[in-house]
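Okay, so here's the structure we're looking at.
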Amino acid sequence: MSNIETGNLIYLIVLLAMVAGWFFMQSREGLNKTLQYAAVWAMIFIGGAAAVGLWQDISRDARVPQMTVAGSDQIIVPRARDGHYYLTAQINEAPIRFVVDTGATDMVLTQADAARAGVDLDSLAYLGRANTANGEVRTAFVRLDEVQLGRVVDRDVSAVVNEGQMEQSLLGMGYLQRWGRIEIAGGELILTR
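Given below as structure tokens:
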């Protein structure tokens with residue numbers, strides 16, 4: 010710890026000791042009541058510290074843009090705190106949030122995202138198979154009329170709809186290979202046409 014952090018810690022310990030001492034001196038006879046007050050103040054202190062910590066996380070995430078369009082042929086995506094790259098593409102004019110997954114062979118849509126993009130789920134034939142971390146799942150091949158990422162529009166894009174449970178749609182190599190260059194540098198994913 011640096012000298013400033015050590016100083017702040019000492020200050021907080023002394024302040025806490027003074028508040029606790031005041032409570033004990035204030036009501037020596039009502040020890041039970043004093044302990045109740047001490048518990049309330051401890052909860053307030055812990056809640057305040059948690060709020061400050063969460064606020065810093067929330068404000069840091071709010072300042073980082075999801076993606077930046079650089080020119081007409083480049084997308085820059087910052088790495089999220091969890092180490093993944095997330096972006097939103099317009100699929101048939103519906104905004105769909107993806108996690109970039111270079112280990113995925115295809116663009117994989119959850120059933121909910123496929124429905125939002127206008128895919129008729131009742132007409133899908135789940136004839137394909139995919140091996141995932143959760144085991145084998147069935148998939149249905151679909152053709153998407155339009156995929157727009159930044160200013161780049163692709164038409165007649167192949168994708169699959171996952172029949173199993175998925176939290177997030179995956180932007181796999183089936184779509185990423187349409188970009189001329191995929192680069193990860195300095196905590197950013199850079200897609201260039």
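This note's numbering applies: residue 10 is where the sequence shown begins, and numbers increase by one. Even glycine gets a Cβ: it sits at the ideal position worked out from N, Cα and C.
For ILE19, the residue or residues it bridges with in DSSP
Beta-bridge pairing by DSSP links ILE19 to no other residue.
Which of helix, strand or coil does DSSP assign to LEU133?
Note: LEU133 maps to coil in three-state DSSP.
Are three or more beta carbon pairs between the segment 194-202 and the segment 82-89 nearer than 8 Å?
With the cut-off at 8 Å, the segment 194-202 and the segment 82-89 touch.
Do VAL146 and GLU172 have their beta-carbon atoms positioned less than 8 Å apart in this structure?
A contact, by the Cβ cut-off of 8 Å.
Here's the rule: buried if 16 or more other CB atoms are within 10 angstroms of the residue's CB, otherwise exposed. What is TYR94?
TYR94 comes out buried.
Alpha carbon of LYS42 to alpha carbon of VAL28, nearest angstrom
Using only the alpha carbons, I get a separation of about 15 Å.
Buried versus exposed call for THR77 [16 or more other C-beta atoms within 10 Å across all chains shown]:
THR77 comes out exposed.
To the nearest angstrom, how far is the alpha carbon of GLY183 from that of MET116?
So the two alpha carbons sit approximately 6 Å from each other.
In its own chain, which residues sit with a C-beta less than 7 Å from the C-beta of ARG72, not counting the 5 before and 5 after it?
Any answer about ARG72 is weak, because its pLDDT of 49 lies below 50 and its placement is not dependable; what the coordinates show is given next. Nothing listed; no residue qualifies.
Supposed close pair ALA98, LEU158 - CB separation, criterion 8 Å
Contact holds; Cβ gap of about 5 Å.
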